[in-house]
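Student: My structure is below; once you've seen it, I'll send some questions.
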Amino acid sequence: MSYRALYERSIQERDTYWAEQAARIDWHRPFDQVCDYHQPPFAKWFVGGQTNLCHNAVDRHLAARPDQAALIAVSTETNTEEIITFAQLHVEVQRMAAILQNLGVKKGDRVLIYMPMIAQAVIAMLATVRLGAIHSVVFGGFASHALASRIDDARPTVIVSADAGSRGGKVIPYKPLLDEALRVCSHPVEHVLLVDRGLAPAEMQSPRDVDYASARAAVLDAQVPCEWVDATHPSYTLYTSGTTGKPKGVQRDTGGYAVALASSMDQIYCGKPGETFFCASDIGWVVGHSYIVYGPLITGMSTIIYEGLPIRPDAAIWWSLVEKYKVNVMFSAPTAVRVLKKQDPDCLKRHDLSSLKSLFLAGEPLDEPTAAWIGEAIGKPIVDNYWQTETGWPILSLARGVDPSLKTRLGSPGIAMPGYQVKLLDDQTGEELTGADQKGVLTIEGPLPPGCLQTVWGDDKRFVQTYWSTFHNKLVYNTFDWGIRDKDGYYFILGRTDDVINVAGHRLGTREIEEAISSHAGVAEVAVVGVADQLKGQVARAFVVARDPARVADAAGCAALEAEIMQTVDSQLGAVARPARVQFVGVLPKTRSGKLLRRAIQAVCEGRDTGDLSTIEDPSALQQLQAAATT
Ligand code: PRX
């Protein structure tokens, strides 16, 4: 079947198509209805069916592949490599599930996971869904304030964490950040389960804190069966940034997610049972959830979880793993490739890459030179894919598992994937743009396909208001990305329509960074914008009005306050959110009604035309900013 025909079927014969796809996973109880969309925009998939994510990722492979590697945990930070087979993973997950149960976790409870890239992080995720509980993984690079706000929103029974992570050879203690978060948050957390890697001293607070190794030793023979849950039962929440300072908990179901991942692994990533998948993301991001953990394991593939940098000990490290573990499919982000491009080109030639079929890249725009360079260097197809935390799997890509002859078009992530009714709308009128090469807002007609967010955790209203209410009288899902489509249906992504920025593939909200900066006593006002950067795609830049102008009267004063502000961001949100520069101005450019002119600030920083400024309150503000931006 041609891809076009398959895609059309997924839209025209939606329920038949997805019922067929659902056969890719195990069901404890078959579903009665494929899609219930009687309450738009809330879509319920596989209603009446019961299943379990952990069963599909682990237990169901025990018969056919017990001794195949399930997890390959590699750390170039601690110089360790550990292979865990499906049979061993089954044992370890049950032990972890028993520990969580002993700590009071029941179906529907939340388990917050704040972990570095170690096997126990994946084991904790699988154990949580095994119990029918809901995990909420918080990226290990986030600091105490970011962690505290997520604890208060998710209200977990237990937090699973570790003494420390490590990055570039530098130990990053997690426990003090967690302790501080627990001190400032208002939700009382009953227990912290701590994996002690022996990297940093961790002060244990009894009886709240429990040592994983001792708890595990007490449950070595644990047998904890999977809790069968409704297909619509939430499996996890994952926080993501938007236009407000408060991150949203993207809530995912169980059955729809498993089906969508199984489908995408075959149709898009061309991963086969028994093969090896290497996704160099982090479990704290959606790419890690879908394509380090659940996608490959549901498919019966071995998956590599990698702690370390792509250039340490040298830039050949990834390719040495490809050779050693005969990696068949690889997944990374454009920034990592741009980092590799700056290294010794010989690193790409040292290893046998014959097992590798393709390299997938996602998370940020893939520029043509980067795509062309890596494609040439490794001699493999490079496949872009565009999606979001909210969707859980690609909206746009190439389904080469359906039609291997589908061609990439440099600069385009591809065409619409099955089930996604992608439409470009005029941002002013909301009218659909049906012609070629017209720029519009990229939207998706409901129901969103299986695997996409069900709602915002604990806030249905916010789900509807944020994503479905942009256009008057039109209920469509807004991606908040600009796009154009060429005559052949290939889309091109032109950046966000909102205040979300993308630094090295990490999605950050400028408002969150502004709030962190505002908490510094020396700051009266602040504006944060994302500015184009050759390596990271974008970087954050902050413009601050100091409370006391005398403090920033000379270069030394500016440098001192800049360092303090950066430190504030580091300790509240984490270094990942630290602006590249903090610069000082007397006044920020605003409209007469007091709204920050972010687009104009961004344009100044990127040396572009600022566009219409007729609403600006004080025209000298932009000149000041221009002067500051170029120092
Ligand atoms: O702006 C788009 C950009 O990243 C946003 C989603 O980020 P996140 O929620 O972290 O999910 C990443 C999942 C891969 C999108 O709204 N984005 C993601 N992939 C691409 C992209 N922009 C251009 N090309 C892509 N392939």
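Numbering (numbering that gives the first Met the number 0), first residue to last: 0 to 630. C-beta atoms are modelled at their ideal positions from N, C-alpha and C, and glycine is treated no differently.
Helix, strand or coil: how does DSSP classify SER301 here?
Tutor: strand
Student: Let me know the beta strand (DSSP E) ranges lying completely inside the region 89 to 119, each 3 residues or longer, listed in chain order.
Tutor: 109 to 113
Student: Assuming ALA523 contacts ARG597 (C-beta within less than 8 angstroms), just tell me the rounded distance between them.
Tutor: Actually they are not in contact, since the Cβ atoms of ALA523 and ARG597 sit about 18 angstroms apart, beyond 8 angstroms.
Student: Straight-line CA distance for PRO312 to ARG337?
Tutor: 17 angstroms
Student: Along the chain, which unbroken stretches of the beta strand (DSSP E) at least 3 residues long are found entirely within the region 394 to 426?
Tutor: Runs found: 420 to 424.
Student: Start and end of the alpha helix (DSSP H) containing ALA515?
Tutor: For ALA515, the enclosing alpha helix (DSSP H) begins and ends at 509 to 517.
Student: Run through DSSP, which three-state label would ASN327 get?
Tutor: It is coil, neither helix nor strand.
Student: For ALA576, which option in GLY504, ARG3, LEU352, VAL90 has the closest C-alpha, if you only look at C-alpha atoms?
Tutor: GLY504
Student: Taking Cβ to Cβ, would you say CYS278 is nearer than 9 angstroms to THR243?
Tutor: no
Student: Please indicate yes or no: does the CB of GLY287 lie closer than 8 angstroms to some heavy atom of the ligand PRX?
Tutor: The beta carbon of GLY287 sits no closer than 8 angstroms to any heavy atom of the ligand PRX.
Student: Smallest Cα separation from PRO393: which of VAL285, ALA335, ASP425, GLY429?
Tutor: Per the Cα distances, VAL285.
Student: Kindly indicate the opening and closing residues of the beta strand (DSSP E) around PHE359.
Tutor: 357 to 361
Student: Relative to the C-alpha of GLY457, which candidate in ARG28, LYS422, SER74, GLN250 has its C-alpha closest?
Tutor: Looking at the Cα atoms, GLN250 is the closest of the given residues.
Student: Using 10 angstroms around the beta-carbon of VAL183, count the other beta-carbons present and answer buried if the total reaches 16, otherwise exposed.
Tutor: exposed
Student: Using three-state DSSP, classify PRO548 as helix, strand or coil.
Tutor: helix
Student: Give the straight-line distance between the Cα atoms of ALA552 and ASP383, rounded to the nearest whole angstrom.
Tutor: Near 48 angstroms, if we compare the C-alpha coordinates of ASP383 and ALA552.
Student: Tell me whether ILE282 counts as near the ligand PRX, meaning its Cβ is closer than 8 angstroms to at least one heavy atom of that ligand.
Tutor: No, the ligand PRX has no heavy atom inside 8 angstroms of this Cβ.
Student: With H, G and I counted as helix, E and B as strand and the rest as coil, what does DSSP make of ARG28?
Tutor: ARG28 sits in a strand when the DSSP states are folded into three classes.
Student: How is TRP386 classed by DSSP in three states: helix, strand or coil?
Tutor: coil
Student: Let me confirm a value: GLY606 is counted as buried when at least 16 other C-beta atoms fall within 10 Å, else exposed. Which label applies?
Tutor: exposed
Student: What do you reckon, is the C-beta of LEU360 under 8 angstroms from a heavy atom of the ligand PRX?
Tutor: yes
Student: Residues bridged to PHE542 by DSSP?
Tutor: Answer is ALA526, GLN582.
Student: According to the neighbour-count rule (16 or more other Cβ atoms, all chains shown, within 10 Å of its Cβ), is ARG417 buried or exposed?
Tutor: Note that residue 417 is Pro in the sequence shown here, rather than Arg. Buried, by the Cβ-count rule.
Student: How many angstroms separate the CA atom of ASP220 from the CA atom of ARG94?
Tutor: 7 angstroms
Student: Please go through the region 433 to 497 and give each complete alpha helix (DSSP H) segment of 4 or more residues, from N-terminal end onward.
Tutor: 459 to 467
Student: For LEU272, which option in LEU308, ASN327, GLU306, GLY307 has the closest C-alpha, if you only look at C-alpha atoms?
Tutor: Looking at the sequence itself, residue 272 is Pro, so the reference to Leu does not match. The shortest C-alpha separation from PRO272 is found at ASN327.
Student: Mind checking whether the beta-carbon of LEU405 lies closer than 8 angstroms to any heavy atom of the ligand PRX?
Tutor: For the ligand PRX, not one heavy atom lies less than 8 angstroms from the Cβ of LEU405.
Student: Would you mind giving the Cβ-Cβ distance between VAL603 and ILE512, rounded to the nearest angstrom? I have them listed as a contact below 8 angstroms.
Tutor: The Cβ separation is near 18 angstroms, so there is no contact.
Student: Who are ARG251's beta bridge partners in DSSP?
Tutor: TYR235
Student: Output the boundary residues of the beta strand (DSSP E) element that contains SER165.
Tutor: 163 to 166
Student: With ILE564 as the anchor, note down where its alpha helix (DSSP H) starts and where it stops.
Tutor: 554 to 571
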